[in-house]
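Residue numbers (this note's numbering): 151 to 333.
Data block below; observations after.
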Amino acid sequence: MKFITVFGSSRCKAGEPEYIFAEKVGKLIGKYGHNVATGGYQGTMEAVSKGSLSQGVIVNGVTVPSLFSEKIEKSFERTPNIYVNKEIKSKSLPNRIHFLLKDSKAVVVLPGKIGTLTELFVAWNSNYLFNKSEDKDLIPVFLKKDFWKDIVDNLPENMELDKKLFSYFENIEELEEFISELN
């Protein structure tokens, strides 16, 4: 089963602009009949899941129970959010990212923290490697411009980070142009 993967912050809360925007992203993905996959916990993951589920699509939440568990006192990521209708338990963070990318038809990267940056770099690196291989298709990666452009533009040029391997979007209408063209 193919889906659109969304990466973003686990720290935003319902009612905040970042959460509201992420919920719109989820609705947009679902509007076009695409299933969605997120890390399955709170914040952006919850908002995207909520928006997608309202459109009747499958919402995959890829969790890491061994890392985010009730045994870890400070962890707030203990159970999947209530909008996930299919939980996939992974063994580690790398395994989680691998699952989120392997059957993805596209990746949307919203504002986030170090985890989101890691996910972006893995998606970007996958496309870099796929670009070198004739038997792999690139995965379209769409970045929220107002958050990611300054970060990406300030990376050293000699890292071979081909900026043609992703596209920026500024608002939900621009993202809709990309999503509407996906099969």
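Even for Gly, the Cβ is constructed at its ideal location relative to N, Cα and C.
If you're wondering where the values come from, they're calculated on a predicted model, not measured in any experiment.
Cα-Cα separation between residue i and residue j, rounded to whole angstroms
i: N304; j: L311; result: 11 Å
i: V234; j: F328; result: 24 Å
i: Q192; j: M309; result: 33 Å
i: W274; j: R246; result: 16 Å
i: G262; j: E320; result: 16 Å
i: M195; j: L260; result: 10 Å
i: P230; j: Y278; result: 31 Å
i: K163; j: F171; result: 11 Å
i: Y295; j: E324; result: A small correction: the amino acid at residue 295 is Lys; Tyr does not occupy that position in the sequence shown. Each residue's Cα considered, the two are about 11 Å apart.
i: K177; j: K286; result: 29 Å
i: Q205; j: T155; result: 16 Å
Option nearest residue i by Cα separation, candidates the options
i: S240; options: E173, V259, N210; result: N210
i: I293; options: C162, M151, V175; result: The sequence shown places Leu at residue 293, rather than the Ile named in the question. Selected option, being the one with the closest Cα: V175.
i: K313; options: E324, N321, K299; result: K299
i: I238; options: K295, K255, S202, S216; result: S216
i: K375; options: N308, V198, M309, K282; result: The chain is shown from 151 up to 333; residue 375 falls before or after that span and cannot be answered.
i: H248; options: S276, R228, P230, N231; result: S276
i: L315; options: V258, N231, D253; result: V258
i: V207; options: N333, G183, G193; result: G183
i: K236; options: K255, K282, L203; result: L203
i: F153; options: K177, K252, R246; result: K252
i: G201; options: L243, T194, E173; result: E173
i: S160; options: V272, I264, Y318; result: I264
i: I301; options: E331, E326, Y318, I289; result: Y318
i: K255; options: E331, E326, P290, I322; result: P290
i: L148; options: E307, I179, V272; result: Because residue 148 is not part of the residues shown, which for the chain are 151 to 333, the question remains open.
i: F157; options: P244, I322, L250; result: L250
Residue i in three-state terms, based on DSSP
i: N321; result: coil
i: I179; result: helix
i: L288; result: coil
i: N235; result: coil
i: T229; result: coil
i: K255; result: strand
i: L279; result: helix
i: K314; result: helix
i: L260; result: coil
i: L332; result: coil
Just checking, does the stretch 167-186 make contact with the stretch 266-274 on the three C-beta pairs under 8 Å criterion?
no
Would you call the stretch 175-189 and the stretch 199-213 in contact, with 3 or more CB pairs under 8 Å?
yes
Kindly provide the ranges of any alpha helix (DSSP H) runs that are 4 or more residues long and lie completely inside the stretch 162-219, ordered along the chain.
167-181, 194-203
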